[in-house]
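Everything on this sheet refers to the single structure shown next.
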Amino acid sequence: MAPQNRYIALGGHRHRYIESGRSGHTMLLLHGISSSLDFFEQVIPPLSASFRVLAVDFLGFGLSDKPGEKVYSLELYASLIREFLEKTDSIGENLYATGHSMGGKYLLASALYYPGTFRKLVLSNTDGFIHVPSWTRIISLPGVRQVVKKVMTGEKMSEKMFSAAFYRTDGVNPDSFRKNLQMARDKEAFDTVMSLNRNLTKLDLNRTGLRQRLGELKIPVLIIWGDRDQYMSPKVADSAKNELPCSNLVMFADCGHAPMLEYPDKFSDTVREFILSDNHNPGTPCS
1 MAPQNRYIAL GGHRHRYIES GRSGHTMLLL HGISSSLDFF EQVIPPLSAS
51 FRVLAVDFLG FGLSDKPGEK VYSLELYASL IREFLEKTDS IGENLYATGH
101 SMGGKYLLAS ALYYPGTFRK LVLSNTDGFI HVPSWTRIIS LPGVRQVVKK
151 VMTGEKMSEK MFSAAFYRTD GVNPDSFRKN LQMARDKEAF DTVMSLNRNL
201 TKLDLNRTGL RQRLGELKIP VLIIWGDRDQ YMSPKVADSA KNELPCSNLV
251 MFADCGHAPM LEYPDKFSDT VREFILSDNH NPGTPCS
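First residue of the sequence shown? That's 1 in the UniProt record's numbering, and the numbers climb one at a time after it.
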């Protein structure tokens with residue numbers, strides 16, 4: 001049976017979350033942009049066999065509140081993650097987290113703003129290691145964004161863009177594909193994307209100085225990537241590995257930007273093995 005939706009107030013806004021499993025180890029799942037916690041629905045059941053699993057819709061996405069003109073920042077999202085963990089009694093020595101794409105970037109920010117929170121991290125096809133030029137903010141200007149919104153949330157374009165996240169869509173559970181496609185074309189969530197674009201400097205690891213501090217993370221990190229990712233080049237995975245001192249990289253063959261939907265069993269097994277193992281990188285300063 002799928003876990004039931006729950007709701008919690010974080011930063012004065014209503015957030016959807018789910019909780020599943022009863023293990024003494026807690027695993028937090030953080031989704032990517034134009035997405036929701038449903039992106040993890042195929043891996044939540046197998047992970048729940050080994051962990052207490054928590055997944056939350058970020059502010060502005062999924063079924064959480066979408067305040068529109070909110071001033072978004074890495075610090076804001078990190079504080080919301082921390083508040084969520086506190087209110088769900090999740091702070092403790094056996095707390096782990098997995099972040100996908102945008103969620104990986106926010107997870108890194110949270111680990112830096114609140115050191116000691118997580119014991120291990122899993123980053124899947126993570127954002128934060130590419131340069132986004134400032135001129136891209138032009139698409140979020142009034143007038144321009146209305147045109148972009150109409151095109152990007154249209155049926156044909158939204159399905160084309162969403163399908164590009166996968167190397168092969170025929171390997172994805174059809175119900176999951178349809179559900180997550182609906183989330184991806186949500187017009188209010190697109191407004192959030194435009195707000196994130198306008199607040200680019202506050203949401204960039206490099207511009208905020210957090211990227212220069214990644215060496216402070218002395219906890220084991222597993223990086224998972226798809227070798228056919230069209231949104232985050234596999235070359236970015238090498239940058240992430242080089243900048244995170246206690247990291248290992250696992251590359252999934254014939255996989256795009258969404259390994260948790262393309263290969264849910266392999267993804268779950270890889271995460272579980274990493275979290276429950278006591279092995280670290282030889283010669284690294286992992287604690």
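Glycine residues also receive a C-beta, built at the ideal position from the N, C-alpha and C atoms.
Sequence-distant residues of the same chain with beta carbon closer than 8 Å to residue i, five excluded per side
i	result
GLY92	THR26
THR270	LEU222, ILE224, VAL250
LEU37	ARG16, TYR17, ILE18, LEU29, HIS31, ALA55, VAL56, ASP57, GLY62
LEU108	GLY99, LEU121, LEU123, THR126, GLY128, LEU205, LEU210, LEU214, LEU217
SER158	MET152, LEU181, ALA184, ARG185
GLU69	SER195
THR88	ILE8, TYR17, GLU19, LEU54
Residues of its chain near residue i, where Cβ-Cβ distance is below 7 Å and the 5 sequence neighbours each way are ignored
i	result
VAL172	PHE166, LEU261, GLU262
PHE118	LEU95, TYR96, ALA97, ALA111, ILE219
SER23	SER50, PHE51, ARG52
LEU196	TYR72, LEU203
MET102	GLY32, ILE33, ASP127
Three-state secondary structure (DSSP) of residue i
i	result
HIS15	strand
THR117	coil
THR98	strand
ARG207	coil
SER90	coil
LEU222	strand
ILE130	coil
ALA78	helix
LEU123	strand
ALA2	coil
SER217	Before going further, note that residue 217 is Leu rather than Ser in the sequence given. Three-state result, LEU217: coil.
ILE8	strand
Contacting residues, own chain, Cβ-Cβ under 6 Å from residue i (five flanking each side not counted)
i	result
LYS66	GLY60, GLU188, THR192
GLN4	none
SER64	HIS15, ARG16, ASP57
TYR231	HIS257
ILE44	SER20, VAL53
SER90	THR26
ILE81	SER110
LEU10	LEU80, GLU83, PHE84
Distance, residue j Cα to residue i Cα
i	j	result
ASP229	ALA253	10 Å
PRO234	ILE130	12 Å
ASN242	GLY104	16 Å
LEU74	TYR106	6 Å
ASP175	ARG6	21 Å
THR208	ASN199	12 Å
SER163	THR169	7 Å
LYS156	SER79	37 Å
PHE40	ARG178	14 Å
CYS255	PRO264	11 Å
HIS13	LEU76	12 Å
ALA2	SER35	18 Å
GLY226	ALA240	14 Å
LYS149	PRO142	11 Å
THR201	PHE190	19 Å
PHE248	LEU85	Residue identity check: residue 248 is Asn in the sequence provided, not Phe. Distance between the alpha carbons of ASN248 and LEU85: 26 Å.
GLY154	GLN146	12 Å
ASN281	LYS160	Residue placement at ASN281 is flagged as unreliable, the pLDDT there being 47, under the threshold of 50; a coordinate-derived value is accordingly withheld.
PHE274	TYR114	22 Å
PRO259	ALA237	14 Å
residue 288	ASP278	This structure cannot settle anything about residue 288, because the visible part of the chain is limited to 1 through 287.
VAL132	LEU47	34 Å
PHE267	GLN42	10 Å
ARG272	GLN212	29 Å
Residue i: CB within 8 Å of a non-hydrogen atom of the ligand FMN
i	result
LYS187	The ligand FMN is not among the ligands present in this structure, which contains no ligands whatsoever.
- Item | Entirely enclosed beta strand (DSSP E) segments - the region 22-75, minimum 3 residues | 26-30, 52-56
- Just list the beta strand (DSSP E) runs in the region 140-184, keeping only unbroken ones of 3 residues or longer that don't cross its boundaries, in chain order. none
- Any alpha helix (DSSP H) of 4 or more consecutive residues that is wholly inside the region 225-284: 234-243, 259-262, 264-276
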